[in-house]
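K.L.:
Before anything else, here's the structure in question.
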Amino acid sequence: MPDITPDTLNLTPDVLIIGGGPAGMSVAIECARAGLVVTLVEQRPRLGGAIFRQPVNGVAPLALAAGPERLKARLFKDFAAQVARIHCVYGALFAGLDADGLAIVEDRQTSRVLPFRPRALVLATGAVEAVLPRPGWTLPGVTTAGGLQVLMKETGRAPQGRVVLAGSGPLLLALAAQLIRLGRPPLAVLEAGDPIRRPGASLALLAHPSLVSEAASYLATIALARVPWHRGAQFERIDPCDQALIVTWRDHKGHLASLAADHVSLHDGLAPNNFGLPAEARGGVKSSAGNPLVIRVGDCREALGAAAAVAGGEATGRNLAAHLLTGGEVIAAEATLARHRSAQHHIARAFAPRRGQELATQLPDDTVICRCEGRTLADLKKLVAESPGLSARELKLNGRFAMGACQGRFCASNAARLLGELSHSADQVPVSALTGQRWPLRPVSIAALAAAVADAPQPGSSTKDDKDIR
Amino acid sequence: MTPATFRWMSQDVPFRPGETIAAALSAAGVVSYGRDQAGAPSRYFCGVGACQCCLVNVDGRPIEACLTLARPGLSVTPLELDHA
Ligand SMILES: Cc1cc2nc3c(=O)[nH]c(=O)nc-3n(C[C@H](O)[C@H](O)[C@H](O)COP(=O)(O)OP(=O)(O)OC[C@H]3O[C@@H](n4cnc5c(N)ncnc54)[C@H](O)[C@@H]3O)c2cc1C
Ligand code: FES
């Protein structure tokens, strides 16, 4: 992929895309095809996103199931055909949209801040994994399932030592199959749900044959390697013991069981990675003068998986190109997504936890809820007892929940859920009340920021203007 | 050819070109990254730059080990030493 240096970087592209996963790549392909000036910013050194992450040079990519493999081949072929017209900036992070409508990108390779003023800003930042709090989830050696998968995809290596996978959902099965293929089968997969005992939901999935064949291929690999898939397992805790991690759970009959492992990978589903992102302005909504049109695509809009990210990205990309070239409304690719939404709904039903959902009564008081600020369930209970009717905002500002470095990406939904349980409120506490819009998304050097904004393109400058960085 | 290395504590950690600091530390069997300023154990967790649990000092600046490419001769240190 041709690298572009800041000397040739156009700060006023038609379309600035944040995220080089399937959604961002699809938008880039469609907009480039339509002849627009497209820049794509990706924080990692390579394209592909969460699912199609590329290995380092000299390492063979991990095999995917047949469906995703076909999707990947098509996506990369289409991208290659347009690559001369898409400026890719790797190793650069989007930090936010500032008050003047500049899209601030921090180029970590050159330690420069790039103030973009695109006509449209497309956010394709993907998903984050949901991880429920459990005693020991913050220990070294405990990762998310996707985190372990990232390492394996990039390096072609499985971690040294014994691995246990726990939580819920099909990603655990995909990861187990990948570990097996790398010659390091996990000791066990602990699944809170029991898809086999939810035949209704599992049968409904037959309407989605590609998902069924993908799941079947993982299950066959797991069965052949004799890796136990403990369904209906209630995961209790992780305790450190002599360099090892002791994983304890209750089996479907309620009996306690445990295993010693070196690595534990947790996963309880996916949620949009929309923390701190600027709000969308599309359709009839006019962006304010000088501000770009803001559009979200893929998992950061709605976590529906890779096929939906591509379908939604393509539809949105075509739509956006038509809007920028000839005017007209930018409409969401709703129709394309309905089918994927129904598939995700059935998957969620099939994997619904077998046991009681109430977290607050299951967890010991010293369980860490918010890691960055070291806040525990006991802290939360105390706050609720002292001020009944505590709002999510107060929980954040007074209790310092979701105030830390991760900006609530891993604790806000858990804290909101626990607050709802503890205050016996029938209404769900909105997670957004705990996260809100924060600027910047990631810490940026203030000096570099000030310098960059001083030289930034003014509103109204177009791609034809001589506003490139020198 | 001997592989390129960076420095972690008193250890030379080898890496392949294009690998992140986190990937190289994992291959070297390093699981704990010391502690952060709040005292919580630092370590690789999400792998996608979201959790900020993997922050380490690179050339004196806190940065995500999971996003930052390893470079020869880099000095990588924990935010705080783990005295526990
Ligand atoms: C860790 C993880 C593993 C997954 N594994 C699978 C799997 O094996 N199979 C499967 O079907 N689905 C998997 N998923 C679901 C996956 O999200 C979707 O299938 C699909 O990848 C979504 O595509 P996307 O383009 O919307 O997002 P992604 O593929 O996640 O792409 C988003 C891109 O944006 C970049 N980015 C994020 N924030 C910034 C920023 N601030 N600045 C610059 N760049 C940024 C990221 O580095 C990433 O490359 C996984 C999800 C996660 C989080
Ligand atoms: S491991 Fe989560 S930010 Fe690096």
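Residue numbers (the working numbering), protein chains in the order written: chain E, 96 to 565; chain L, 373 to 456.
Ideal Cβ placement from N, Cα and C applies to all residues, glycine included.
#1: Give me the chain E residues within the contact set of Ala437/L, using Cβ-Cβ distance strictly less than 9 Å, ordered along the chain.
#2: Between which two residues does the beta strand (DSSP E) containing Arg444/E stretch?
#3: Just the C-alpha distance for Cys126/E and Gly412/E, rounded to the nearest angstrom, thanks.
#4: Under 7 Å between the Cβ atoms of Val133/E and Ile181/E?
#5: Just to confirm my understanding: we take Val579/E, look at its own chain, exclude 5 residues before and 5 after, and list those with CB closer than 7 Å. What are they?
#6: So Gly76/E packs on Pro150/E, CB below 8 Å; how close in whole Å?
#7: Closer than 7 Å is what we want: which residues have a beta carbon that near any heavy atom of ligand 2? List them in chain order.
#8: Counting only beta-carbon separations shorter than 7 Å, does Pro367/E have a partner in chain L?
#9: Give a yes or no on contact between the segment 114-123 of chain E and the segment 264-271 of chain E, applying the rule of three or more CB pairs nearer than 8 Å.
#10: Against Leu441/L, what residues of chain E qualify as contacts under a CB-to-CB distance less than 8 Å, listed in chain order?
#11: Can you tell me the Cα-Cα spacing of Asn105/E and Phe211/E, whole angstroms?
#12: Taking the alpha carbon of Arg128/E as the point to measure from, which residue in Ser305/E, Phe174/E, Arg169/E, Pro156/E has its own alpha carbon closest?
#13: Can Arg407/L and Glu452/L be called in contact, C-beta distance under 7 Å?
#14: By DSSP, does Ala328/E sit in helix, in strand, or in coil?
#15: Would you say Gly445/L lies against chain E (beta-carbon separation less than 7 Å)?
#16: Is Pro213/E near ligand 1 - that is, is its Cβ less than 6 Å away from at least one heavy atom of it?
#17: Report the three-state DSSP secondary structure of Phe370/E (helix, strand or coil).
#18: Report the option in Ala179/E, Ala507/E, His441/E whose CA atom is closest to the CA atom of Ser297/E.
#19: Run through chain E and tell me which residues come within less than 9 Å of Arg411/L, C-beta to C-beta.
#20: Which residue marks the beginning of the alpha helix (DSSP H) containing Cys501/E, and which one marks its end?
#21: Checking contacts by CB at 7 Å: is Gly191/E closer than that to chain L?
#22: Considering only the beta carbon of each residue, do Pro108/E and Leu234/E sit closer than 7 Å?
#23: So with Cβ pairs under 7 Å, would you call Ala395/L a contact of chain E?
#24: Roughly how many whole angstroms lie between the Cα atoms of Gly379/E and Leu197/E?
#25: Which residues in the same chain as Tyr405/L place their Cβ atom closer than 6 Å to its Cβ, once the five residues preceding and following it in sequence are excluded?
#26: What residue from Asp337/E, Pro280/E, Pro265/E, Leu485/E has the CA that sits closest to Pro323/E's CA?
#27: Please confirm whether any heavy atom of ligand 1 lies closer than 6 Å to the CB of Gln138/E.
#28: Answer with buried or exposed for Pro290/E, where buried requires no fewer than 16 other C-beta atoms within 10 angstroms of its C-beta.
#29: Can you tell me where the beta strand (DSSP E) holding Glu309/E begins and where it ends?
#30: May I have the straight-line CA-CA distance separating Arg449/E from Lys491/E, to the nearest angstrom?
#31: Which value, in whole angstroms, describes the spacing of the CA atoms of Val136/E and Glu201/E?
#32: Where does the unbroken alpha helix (DSSP H) through Thr421/E begin, and where does it stop?
#33: Report the three-state DSSP secondary structure of Arg449/E (helix, strand or coil).
#34: Are any of the Cβ atoms in chain L nearer than 7 Å to that of Val380/E?
#35: Report the three-state DSSP secondary structure of Val342/E (helix, strand or coil).
#36: Chain L partners of Val223/E, CB-CB under 9 Å?
P.N.:
Taking the definition as stated:
#1: Neighbours of Ala437/L on chain E: none; closest Cβ ~11 Å, over 9 Å.
#2: Where Arg444/E is concerned, there is no enclosing beta strand (DSSP E), although the alpha helix (DSSP H) it sits in stretches over 429-445.
#3: 6 Å
#4: yes
#5: Lying before the first or after the last residue shown, residue 579/E is absent from chain E, which here runs from 96 to 565.
#6: With chain E represented from 96 up to 565, any question about residue 76/E goes unanswered, as that position is not in the structure.
#7: Gly242/E, Ala394/L, Tyr416/L, Phe417/L, Cys418/L, Gly419/L, Val420/L, Gly421/L, Ala422/L, Cys423/L, Gln424/L, Cys425/L, Cys426/L, Glu436/L, Ala437/L, Cys438/L, Leu439/L
#8: no
#9: no
#10: Pro140, Gly186
#11: 8 Å
#12: Phe174/E
#13: yes
#14: coil
#15: no
#16: no
#17: coil
#18: His441/E
#19: This sequence places Gly at residue 411/L; Arg is not what is there. Chain E residues near Gly411/L: Gly469.
#20: Neither: Cys501/E is in no alpha helix (DSSP H) and is coded neither H nor E.
#21: no
#22: no
#23: yes
#24: For Gly379/E, the predicted model reports a pLDDT of 45, less than 50, meaning its position is unreliable and no value from the coordinates is stated.
#25: Ser414, Arg415, Val428, Pro450
#26: Pro280/E
#27: yes
#28: buried
#29: Element bounds for Glu309/E: not the beta strand (DSSP E) but the alpha helix (DSSP H), 304-319.
#30: 31 Å
#31: 10 Å
#32: 401-421
#33: coil
#34: For Val380/E, the predicted model reports a pLDDT of 49, less than 50, meaning its position is unreliable; a value from the coordinates is still stated below. It does not; no Cβ of chain L falls within 7 Å.
#35: strand
#36: Cys418, Val420, Ala422, Cys423
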